[in-house]
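Asks:
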Amino acid sequence: MRSTLLLILSLGFPVSAAAAEAGANFHLTRHPAGWLALALFVLAYLAVVLEERIRIAKSKPVMLAAALIWGLIAWETRDLPGGPAAARGAFEAMFLEYAEIFFFLVVAMTYVTAMGERNVFEALRAQLTRRRLGYRSLFWITGTIAFFLSPVLDNLTTALVMSAVVLAVGGGQARFATLSLINLVVAANAGGAWSAFGDITTLMVWQAHKAEFFDFFRLFLPAMANWLVPAVAMHFALPKGMPESVPGRVQVKPGGIGICLTFALTVAITVIGKQWLGMPAAYGMLTGLALLNLLASRIDRSQRRYALAQGMEEESYSIFRIIANAEWDTLLFFYGVFGCVGGLAALGYLELASHAFYGMLGATPANAAMGVLSAVVDNIPIMYAVLQMNPPMDEAQWLLVTLTAGVGGSLLSVGSAAGVALMGASGKRYTFMTHLRWSWAIALGYAASIALHLALNGS
């Protein structure tokens, strides 16, 4: 591998050994291929922003852009000794990261859909409406649960689970549903920032030994400020009154409680697998999918026996049918994002941006800017680039960039996994533009969290 790097160096494509170990960097930012790739990414992103107007699913432009960007990389490196292997290795590394996220999402969405099919969320809705809780109370209850559940469950799964509750309880009130879903994204992202395994970026910082496990708890109050400031602003725009009560008593279908318990076991396996066995989160989630399949077989047999006893037509129950109903546009959109960002990283743009930020701005402004950048580019490669640069920063600054990368994605709906997932799961109640209308309030919370961190934890 080192001989290949030396040959690339001699041909004008300098790739450091450290960069090669972490992922290829062909330094093509001043090459026409690099400019074209950047333009493709910008055009694809604009298409995502204008999804509602041009009526093209958000996955299509980013998937096409990813294919063209990696095609450019492969074309420009085809004649270099070891170039095709390096490009293929970079693509495979990116695809492995996507595959882990993909299977995590598929299992999470399957559990949420399965619980919905068993009337779990309808029963919860009935319980909440029976208590005569108003829209504003429900807004704060769901946001609070998301903020404290995210550090354990992770921000993506938390947003998916709580969004199902919000849509079941008040999905008929458009303004309540929209504001509550925005609130969930902000709360879930903020909650994930003060736990070592609440987000992938915090886990990366912890594994790189830039902060210890209990150090992340110092971000609790700044993260809470990040959520509370926009939540208070949105509170006054919420409709008054309360959702209509569900007539009669809603019963959870047989197997519904078992699915909930299996999901809790899946979360435990995922956390244990990540923390003590060093396995990726997808390992625990796929183990949980196997358990869900076993439970589904039991539910299927029970339903068949009941239908036979009642003289009814047999109704089969299959998890694979539920998986088929997953939000595939969202899942494929993630591939496009990973492909585009991974391609830009391989071209050298992320490293170039990191050097420019820390070299010109200094630690605090640069870390704040990284959070804003993570609203446009996924926070995982942003944090990866910062860790690879390894700028000389104290623990407080490493915690600051952990905070900003974790909550900065809330500024835009496409800036975090939670936001992207809810765009697919909300049935058009939560979109890029509806989120953008409240970005000013989220930005105030972002600024407040940085100021509070610097005041409490130093700089």
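Under the working numbering, think of the first position of the sequence shown as 421, with each following residue one higher. Quick reminder that beta carbons are idealized off the backbone N, C-alpha and C, glycines included. Owing to the predicted nature of the structure, the values given are computational and were not obtained by experimental measurement.
1) Which residue's Cα is closest to the Cα of L831: A607, R550, L767?
2) Hey, quick one: how far does the alpha helix (DSSP H) through F522 stretch, first residue to last?
3) Tell me which same chain residues have a C-beta within less than 7 Å of the C-beta of W858, skipping the five on either side of it?
4) Return the Cβ separation of F578 and L569 in integer angstroms, given the expectation that the two are a contact with Cβ distance under 8 Å.
5) Could you give the DSSP three-state label for H655: helix, strand or coil?
6) Please work out which residues of its chain come closer than 7 Å, Cβ to Cβ, to W490, disregarding the five sequence neighbours upstream and downstream, and give them in chain order.
7) Is the Cβ-Cβ distance between G756 and V796 less than 8 Å?
8) Using CA atoms only, rank isn't needed, just tell me which of R721, G693, T822, D720 is closest to G708.
9) Let me know if L425 comes out buried or exposed under the rule of 16 or more other beta-carbons within 10 Å of its beta-carbon.
10) Does the beta-carbon of A546 have 16 or more other beta-carbons within 10 angstroms, so that it is buried, or is it exposed?
11) Would you report the Cα separation of K478 and A486, rounded to the nearest angstrom?
12) Which residue from A788, R718, L767 puts its Cα closest to that of L864?
13) If you reduce the DSSP assignment to three classes, tell me which class Y737 lands in.
14) Residue range of the alpha helix (DSSP H) that K480 falls in?
15) For D720, name the three-state secondary structure that DSSP assigns.
16) Taking just the CA atoms, how far does N445 sit from S436?
17) Is the beta carbon of G791 closer than 8 Å to that of A825?
18) What does the Cβ neighbour count give for I862, buried or exposed, with the cut at 16 atoms within 10 Å?
19) Whole angstroms are fine: how far does the CA of I620 sit from the CA of V821?
20) What number of angstroms, rounded off, separates the C-alpha of P504 from the C-alpha of A453?
21) In angstroms, rounded to a whole number, what distance separates the CA positions of D499 and I493?
22) Our contact map puts S600 next to S846 with C-beta atoms below 8 Å; I'd like the distance itself, whole angstroms only.
23) Among F636, A783, R508, whose alpha-carbon lies nearest the alpha-carbon of N810?
24) Relative to the C-alpha of S557, which residue among Q671, A631, A805, K660 is closest?
25) Tell me which residues share the same chain as L448 and place their Cβ nearer than 7 Å to its Cβ, disregarding the 5 neighbours each side in the sequence.
26) Whole angstroms is fine: what's the gap from D720's alpha carbon to L712's?
27) If you draw a straight line from the C-alpha of F753 to the C-alpha of M624, how long is it?
28) Which class does V572 belong to by DSSP, given the choice of helix, strand or coil?
Replies: Reading it off the structure:
1) Ranked by Cα distance from L831, the options A607, R550, L767 are led by A607.
2) Residues 503–537.
3) I602, P650, M654, listed in sequence order.
4) The sequence shown places Thr at residue 578, rather than the Phe named in the question. Contact holds; Cβ gap of about 5 Å.
5) Annotated three-state conformation of H655 is helix, per DSSP.
6) Once the five neighbours on either side are set aside, the close Cβ partners of W490 are F511, G759, G763.
7) No, the pair does not count as a contact, with Cβ atoms beyond the cut-off.
8) Closest by C-alpha distance to G708, out of R721, G693, T822, D720, is G693.
9) Annotation note: pLDDT 29 at L425 (below 50); position unreliable, no value reported.
10) With at least 16 other beta carbons inside 10 angstroms of its own, A546 counts as buried.
11) When rounded, the distance between both Cα atoms is 13 Å.
12) Of the candidates A788, R718, L767, the one whose C-alpha sits nearest the C-alpha of L864 is A788.
13) Secondary structure of Y737 (DSSP, three-state): coil.
14) First-last of the alpha helix (DSSP H) with K480: 479–496.
15) If DSSP states are grouped into helix, strand and coil, D720 belongs with the helices.
16) Bear in mind that the predicted position of S436 carries a pLDDT of just 30, short of 50, making it unreliable; the figure below should be weighed with that in mind. Rounded to the nearest angstrom, the two C-alpha atoms are 8 Å apart.
17) Yes, the Cβ-Cβ distance between A825 and G791 is below 8 Å.
18) When all chains shown are included, I862 counts as buried.
19) Distance between the alpha carbons of V821 and I620 is about 13 Å.
20) Approximately 16 Å between the Cα atoms of the pair.
21) The straight-line gap from Cα to Cα measures roughly 11 Å.
22) Incorrect: roughly 10 Å between the Cβ atoms, too far for contact.
23) Taking only the C-alpha atoms, the option nearest N810 is A783.
24) Closest in C-alpha terms to S557, from the list Q671, A631, A805, K660, comes K660.
25) The beta carbon of L448 sits closer than 7 Å to the beta carbons of G454, E496, L767, G768 from its chain, once the five residues preceding and following it are set aside; these are given in chain order.
26) L712 has its alpha-carbon roughly 12 Å from the corresponding atom of D720.
27) Put simply, the backbone Cα of F753 is about 23 Å away from that of M624.
28) In the three-state reduction of the DSSP assignment, V572 falls in the helix class.
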